[in-house]
Ligand SMILES: Cc1cc2nc3c(=O)[nH]c(=O)nc-3n(C[C@H](O)[C@H](O)[C@H](O)COP(=O)(O)O)c2cc1C
Ligand code: SF4
Ligand code: SF4
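Numbering (our numbering), first residue to last: 158 to 440.
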């Protein structure tokens, strides 16, 4: 099969999914590359042609595809287009994300050739509570480059997309012990509610530091920040992605969440990327 171009499709408020998507194709030579960034704004409808390789990367929110990402992905379809699907998660769990993305691809005309879970700095990571900070790092990026090369060679030696044997979907859910962790988080929420502890609905702004530059309003994926009053986030629209927190040039924004100290304490052990690949049907 000839791959003429690569299309990176990603939703990435804090840019880790985007970084991984780009690393996967970094060493592809003589292949055109383009980006469809779903982070800010609703994309036009498009069919991704079969001679393109789609590299689709999304962050994990609550063990699932980030809801805004899946809403925006619905604008795309393939025509038996090969795809590398990537879930980027903050060192807790990727839950059902790869499985959901795999099903979405199959229903929308894409053929997943590889499914990978990578670790990215957690959106809630801060200097006080670092969680997977600095990920993806050099080692992760090298892994992404190697996976990209492996999949490109696979496709180039594969006679036709019709002989691809799909990835076993049962393998794509993250291990069962995650259920215990979800129960743990649910119990924390219940305990906080009983104590009437405040759960922040959106980031706060330090008015002493804010210069009204408007950067946060421009990068907010959901329009939750009005450029005329950028120190305020509309909690009805905020998805707590922390793009504004990490993107504020004055470090004026912060998101207070009781999950940050818990994740910091419980998720210190470094996890590594996990990779699944389709095969070739010899019959
Ligand atoms: C609302 C929300 C929910 C999240 N849920 C999870 C989760 O269930 N498991 C996990 O490991 N990380 C979780 N994360 C962390 C992100 O998956 C991680 O930081 C990812 O790298 C963000 O991708 P981006 O940089 O492309 O925005 C969550 C982040 C947010 C904002
Ligand atoms: S990016 Fe930071 S400094 Fe600029 S308007 Fe937003 S909160 Fe204020
Ligand atoms: S206001 Fe909410 S949705 Fe907008 S960038 Fe900040 S955290 Fe994300």
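We treat Cβ as the ideally placed atom computed from N, Cα and C, and that holds for glycine.
{"query": "Residue 249 versus residue 404: straight-line alpha-carbon distance, rounded", "result": "23 angstroms"}
{"query": "Residue 235, buried or exposed, once every other Cβ within 10 Å from all chains shown has been counted against 16", "result": "buried"}
{"query": "Under the three-state DSSP convention, the category residue 235 falls into", "result": "strand"}
{"query": "Residue range of the alpha helix (DSSP H) that includes residue 226", "result": "224-230"}
{"query": "Residues that DSSP places opposite residue 167 in a beta bridge", "result": "194, 214"}
{"query": "Cβ-Cβ separation, residue 421 to residue 286 (assumed contact under 8 angstroms), whole Å", "result": "4 angstroms"}
{"query": "Cβ-heavy atom distance, residue 409 to ligand 2, below 7 angstroms", "result": "yes"}
{"query": "Check: residue 280 C-beta below 7 angstroms from any heavy atom of ligand 1", "result": "yes"}
{"query": "Reduced DSSP category for residue 221 - H, G, I as helix; E, B as strand; rest coil", "result": "strand"}
{"query": "C-alpha distance - residue 206 paired with residue 238, whole-angstrom precision", "result": "6 angstroms"}
{"query": "At least 3 beta-carbon pairs within less than 8 angstroms: the segment 371-387 vs the segment 401-415", "result": "yes"}
{"query": "Exposure of residue 317, with buried meaning 16 or more beta-carbon neighbours within 10 Å", "result": "exposed"}
{"query": "Residue of 183, 164, 182 minimising C-alpha distance to residue 194", "result": "164"}
{"query": "Sequence-distant residues of the same chain with beta carbon closer than 6 angstroms to residue 431, five excluded per side", "result": "274"}
{"query": "Inside the segment 335-403 only - alpha helix (DSSP H) runs reaching at least 4 residues", "result": "335-351, 372-376"}
{"query": "Buried/exposed call for residue 341, threshold 16 Cβ in 10 Å", "result": "exposed"}
{"query": "Three-state class that DSSP yields for residue 413 in the structure shown", "result": "coil"}
{"query": "Rounded C-alpha distance that separates residue 390 from residue 406", "result": "17 angstroms"}
{"query": "Residue burial classification, residue 282 (beta-carbon count within 10 angstroms, cutoff 16)", "result": "buried"}
{"query": "Close beta carbons around residue 410, own chain, < 6 angstroms, minus the five adjacent residues each side", "result": "360, 362, 401, 402"}
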